Structure formats: C-alpha cells, structure tokens
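Chains as they are written, first to last, in our numbering: chain A, 8 to 415; chain B, -3 to 189.
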C-alpha cells in the first residue's frame, strides 16, 4: 500500500526539528506517511498555503493558529492543534549599541534588574524623540506576547513607551544590523546568527519570562473527513517519536547536521547545536553559557496541547486589543487546542497522557506530580517572571486585572 | 479603484501592471521594494494591494494592515469565504491580494483573475527560459565532449556522437550527463597521456 502524502509548511527555525526528523529518520514512514516539507520565509505564506490546501499541516506560532481559527484578521478557518512542537527556545537580542547603554555583561541577567535599566533607556529615547523599537516575528506570535508581558511587567508600556514592529525571522539580524530596530525577539538560530555577525547581543531568553511558555504548534486543517483524522493521528505518533529521539543527548550532533541542510534551515550546524543543547553565546566570540531548558521539546509531556496554554495566549491577544475580551473568545481559543486528538493518537504507546486538559499556568515553583492516564507525569518549574499565575477558570478576572492595573 | 502592486520581481510587477492597464484599470501604484513599504502604501491609500505570495515583507504588511487606519482595515486575501475557489487559484498562482473592507466582490474578482493569469504567464515564461538555458548548456557540453572524443579516439563526428549515445543508453543516463562527465574528466586529466 502506498503511503499517504502529507505536506507540512515550516519556517527555517530550530523548532521545526520534529517534522523534519519525523521525515528524515523514518518515523513518518513507519506510520505510512509520506511527509513533504514546504519551506517559506513568512508566517503569512505558511498560513495561506495551509488555508488554501497547498499544505495539510503546518509548523506555526501558536497565537497565529488561534487567530486563524477564530478569524481575528480574516474569515475564520477551522484549524486544530493536536500537538505542541516545543516550549520556549526564543530570545530577546538587542543591538550592540543598546547592549552597551544597558551595560550588559556576559550573563543572562535578572529580568527585573535588566528591565529597570531598559526602562530608563526607553524614557531617555522617548525624550529625544527616538523611542526604542523592537521587532517581533509576527503580530500573532508568542514572541510578541512574551515581549509585551515582560515590558508591561517592568513598567514599560508597549506601543506607548516603545514601538513594536514585525520582522520575519530570516531578516531579524539584518534589521538589527541596519538600525531598523533596537532589539528583536526571535527563535533560533536567528539570535545566534545576529550574535555571530557581531550585530546583536542576547539579553534574555524567553524562558526567563515564562519558564514553560508554549511556542510552536502543529496546526492541521479540519474538514472532518475520517481519512484526515486518521492521518493526523499517525502524524502525531510520528512526531512523538521524533521528539523522544530529539531530546536524547546522543543524537544531538546528527540532528543538528540534518537541520542545517540547505533544504531545511540552511544555517551552520554548530549554531543549531548550541540552541538544541541549551548553550547560548550571548556576545560575539564569547564562550557559550549553559542555560537549562532554553528549548524544551519533549519531557514533562511538553507536546501535550493544554487548553490553558491556548487561553493564556488568548488573554494576551485580548490584553493588547488583538482579540475580543470575552468568555466566548476564551472558550473558542481553548477549543483550538485538541488534547483529545493527542490522547486518541497516543493511547497504547509509551507517551505520558495527562489526566486533565487544562492546568493553572505558572503555578509550580518546584517540580510537582500531576494526574495522568498513563505514565508518570512530573511538571517542572513553570513560573512567569513576576510569579503571577493564570487560572483558566478565572481567565476574565486575570485579563481584567492586567488591563486595569496601573503601570509601575 | 486604486491598485498597489508590490513584487520582489520588478519584471513581474511590470507584466501585471501592463495587464491591468490594458483592462482599463489605470489607477496603479507600483511600490518600490527598496524602502519604507508601509509609508509608501499609506501615501498611496490603495483599495487593493497585490503582492507576491512569497514576498518577505508580508508579515510586516499584515501587521501594518491590522493597525492602519489609512487602509480602513483591509482583509487578507479575499473578501469572504464564499469565493474560496478564486482565492485558492490565486494562492496556487503565487499571488495574494488584500482588499479594503466593503469593496464589492464583483469589482475585485476581475482584478484578481487578471493578476492570476499574469502570474501564471510569468511562471511559464520563467520555466521556458530555464528550459532554454538547460538546452543550451546541454548542447554546449555535448559539442565539447564530441570534440574531446574525436581528438582522443581519432573518431569522426557521427562516431563520437554514437559512442556518447550508446554509453548513455547503456548506463541509463542522459546524453548531456555523460558529456558533462567527459568534459569534467578532461578538465582534470586532459594533460595525461
């Protein structure tokens, strides 16, 4: 029997690893899938191809999947997220000039302390009529919402005290180099490429803003046919195996070699290897420092699509006026993430299947056990930098508090 | 109806604008890709923006459209879901269109259809050009390989060509590939007796 063709759109980013490895290492083939990967350089193109049938699934920034499914900026289109491709793995990189002004040293500093310095610099720049400008990879991106969450938390009001603009990942380093932006929030390898080119310096990892922040997801088009559901479940199983393979320390070199190939990331193997082994070079020529869980691709059921993650993202979309602040909106966002498909696909495998579909985000200051249907689930530290928790049962209260809280 | 055209290929932009003009749509603005896309669009205030699907600036533009009041909130791609077929054809052709909210569908469809045809024509041209280039390169390689064989083996031209062709058939390769290999090895080892 011939394999089912499945085309997956992706952007050249380290966290596109799982679909790439599922294809290259035969996990997809074992499931009877012929995976074809379609590379683009903008999320807009990835989304168009998915919406209009040029691809069947996509590597996608999580908020974009939610915005597309809910029709935030164009007609709604039924999408499902049955699998999370990874948590975090992004960084905030600033121009060398801003790094000097902030007196950054060769460590990943405390988010509050750096924030206080940034606030002063932001004020100075507003005073001379040249407000700081930050680039994020998409309007509906975790990068945008993580950056905004941090800025607001340290007393810098996005869109008022600083400007936030959009730059596609492959152009982020150029935007820094030519002074278009003073900082970028982007995924790997693009921070490291900016550092190695000497045009930027990594200031914070997004894992410092939210220790377990949902990042890229697998988005699939839903048109309800049985064949699609079956293919989606097979894809989930292939990705699960790819994820387990990806985090095995013995496989990192070979994985990086695959990702670096011209048809995938087309980036230096060594740069990719740094990101996938949590080693970050903050400034050109410096030794890489080890920051555990910089990228988090599999352990602790990281691939499970918690509905509460979608709801947190929605809270931020609503907070910044990108979506409607309503219970209906929260419920709609929660429905985009599909733990039911994840469970159904992975029943009877070695995967840990969480018992609940939502959890309080940011609640664990230490690792804690959680209920599971199969396997033993321990959830690690997952706090936000300001220690505020997000309870999905009280999402509107959370949002209301953020929207009315006076700035520092 | 003012239409803005943004394309990484200036040739294709010209092909599209010619087509639109011929169809009587003369209120066109071609956006210069080098600098300040957003500012140029804001100044032009178009009702329709045509842009190549793979343009690297699209994420930035979509953000700009979402925020901008100058464009009265354009909606990505097509006006509504009912014309998914037409939009799908546009995506296949490699063109995306942004249209101001409320612009009547019957006014947009001809623009989009025309853009699709022009994009397809451009792709065909490119494919033909690539084919012609390959054909030329193939012929040059075959001529050089024939000359090498004639000199090395003392053959006449038909015999040299027959040798090439027979070898290609036996090894299940294209004649041009075999010729390429001969030219390469001659370049590396031509000075050997």
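For every residue, glycine included, the Cβ atom is placed at its ideal position computed from N, Cα and C.
In this text the structure is predicted, and so the values were computed from the model without any measurement.
#1: For residue 102 of chain A, which of A/337, A/198, A/346 has the nearest alpha-carbon?
#2: Write down every uninterrupted run of the beta strand (DSSP E) in the segment 336 to 415 of chain A whose length is 3 residues or greater and which is fully enclosed by it, in chain order.
#3: Please state the DSSP three-state secondary structure of residue 169 of chain B.
#4: Which residues in chain A have a C-beta closer than 7 Å to the C-beta of residue 49 of chain B? List them in chain order.
#5: What alpha helix (DSSP H) runs, 4 residues minimum, are completely inside the segment 105 to 170 of chain B?
#6: Relative to the C-alpha of residue 187 of chain A, which candidate in B/102, B/32, B/48 has its C-alpha closest?
#7: How big is the Cα-Cα spacing for residue 269 of chain A and residue 260 of chain A?
#8: Which of the residues in the segment 87 to 118 of chain B, read from start to end, lie with their CB under 8 Å from any CB of chain A?
#9: Evaluate residue 45 of chain B with the Cβ neighbour count: other Cβ atoms within 10 Å of its Cβ, from every protein chain shown; 16 or more gives buried, anything less gives exposed.
#10: Assuming residue 6 of chain B is part of the alpha helix (DSSP H), what are its boundary residues?
#11: Of all the CB atoms in chain B, is at least one closer than 8 Å to the CB of residue 61 of chain A?
#12: Bridge partners of residue 170 of chain A, per DSSP?
#13: Given 8 Å as the limit, is there contact between the segment 112 to 122 of chain A and the segment 242 to 259 of chain A, that is, 3 or more CB pairs closer than that?
#14: For residue 55 of chain B, does the count of other Cβ atoms within 10 angstroms reach 16, so buried, or fall short, so exposed?
#15: Ignoring anything shorter than 3 residues, give me the beta strand (DSSP E) runs that lie fully in the segment 167 to 254 of chain A, in order along the chain.
#16: Taking the straight line between their C-alpha atoms, what separation do you get for residue 159 of chain A and residue 395 of chain A?
#17: Which of the three DSSP states is assigned to residue 75 of chain B in this structure?
#18: Could you confirm whether any beta carbon from chain B is found closer than 8 Å to the beta carbon of residue 174 of chain A?
#19: What residue range does the alpha helix (DSSP H) around residue 32 of chain B cover?
#20: From the beta carbon of residue 59 of chain B, is the nearest beta carbon of chain A less than 8 Å away?
#21: Out of curiosity, what's the CA-to-CA distance linking residue 172 of chain A and residue 49 of chain A?
#22: To the nearest angstrom, how far is it from the Cα of residue 168 of chain B to the Cα of residue 159 of chain B?
#23: Helix, strand or coil, according to DSSP, for residue 160 of chain A in the structure here?
#24: How should residue 1 of chain A be labelled, buried or exposed, when 16 other C-beta atoms within 10 angstroms of its C-beta is the threshold for buried?
#25: Using only the alpha-carbon positions, how far apart do residue 195 of chain A and residue 397 of chain A sit?
#26: Secondary structure at residue 257 of chain A, three-state DSSP: helix, strand or coil?
#27: Please tell me whether residue 88 of chain A and residue 224 of chain A are closer than 8 Å, where the distance is taken between their beta carbons.
#28: Could you pull the DSSP bridge partners for residue 48 of chain B from this structure?
#29: State the start and end residues of the unbroken alpha helix (DSSP H) segment that holds residue 24 of chain A.
#30: For the putative contact between residue 403 of chain A and residue 93 of chain A, defined by C-beta atoms under 8 Å, what is the C-beta separation to the nearest angstrom?
#31: Please identify the residue among A/30, A/219, A/10 whose C-alpha is closest to the C-alpha of residue 16 of chain A.
#32: When you compare the CB positions of residue 71 of chain A and residue 147 of chain A, do they come within less than 8 Å of one another, or not?
Reading it off the structure:
#1: Of the candidates A/337, A/198, A/346, the one whose C-alpha sits nearest the C-alpha of residue 102 of chain A is A/198.
#2: Fully enclosed beta strand (DSSP E) runs of 3 or longer: 375 to 377, 379 to 381, 384 to 386.
#3: Residue 169 of chain B: coil per DSSP, three-state reduction.
#4: Under the 7 Å cutoff, chain A gives 52, 55.
#5: Within the segment 105 to 170 of chain B, the alpha helix (DSSP H) runs of at least 4 residues that lie entirely inside it are, in chain order, 153 to 166.
#6: The shortest Cα separation from residue 187 of chain A among B/102, B/32, B/48 belongs to B/32.
#7: The alpha-carbon of residue 269 of chain A is positioned some 17 Å away from that of residue 260 of chain A.
#8: Sequence-ordered contacts of the segment 87 to 118 of chain B with chain A read 87, 88, 92 [C-beta pairs closer than 8 Å].
#9: Looking at its Cβ environment, which holds 16 or more other Cβ atoms inside 10 Å, residue 45 of chain B is buried.
#10: Run containing residue 6 of chain B: 6 to 18, per the alpha helix (DSSP H) assignment.
#11: True, the Cβ-Cβ gap to chain B drops below 8 Å.
#12: Residue 170 of chain A pairs with A/140.
#13: They do not touch, by the three-pair rule.
#14: Counting Cβ neighbours within 10 Å, residue 55 of chain B comes out buried, since at least 16 surround it.
#15: Listed in chain order, they are 170 to 173, 190 to 194, 207 to 212, 223 to 228.
#16: For the pair residue 159 of chain A and residue 395 of chain A, the Cα-to-Cα distance works out to about 13 Å.
#17: Any reading at residue 75 of chain B is ruled out, since the residue's pLDDT is 46, under 50, leaving its predicted position unreliable.
#18: Interface residue, yes.
#19: Element bounds for residue 32 of chain B: n/a, residue is neither H nor E.
#20: So yes, residue 59 of chain B belongs to the interface.
#21: If you take the alpha carbons of residue 172 of chain A and residue 49 of chain A, they lie about 15 Å apart.
#22: If I take the Cα positions, the gap works out to 14 Å.
#23: When secondary structure is reduced to three states using DSSP, residue 160 of chain A falls in the helix class.
#24: Nothing about residue 1 of chain A can be read from this structure; chain A reaches only from 8 to 415.
#25: A direct Cα-to-Cα measurement between residue 195 of chain A and residue 397 of chain A gives close to 27 Å.
#26: In the three-state reduction of the DSSP assignment, residue 257 of chain A falls in the helix class, which pools H, G and I.
#27: Inclusion of residue 88 of chain A and residue 224 of chain A in the CB contact set at 8 Å is warranted, their separation being smaller than that value.
#28: Bridge partners of residue 48 of chain B according to DSSP: B/91.
#29: Element bounds for residue 24 of chain A: 24 to 31.
#30: About 29 Å separates the beta carbon of residue 403 of chain A from that of residue 93 of chain A, a gap too long to meet the 8 Å contact definition.
#31: Between residue 16 of chain A and the set A/30, A/219, A/10, the nearest pair of CA atoms involves A/30.
#32: A contact, by the Cβ cut-off of 8 Å.
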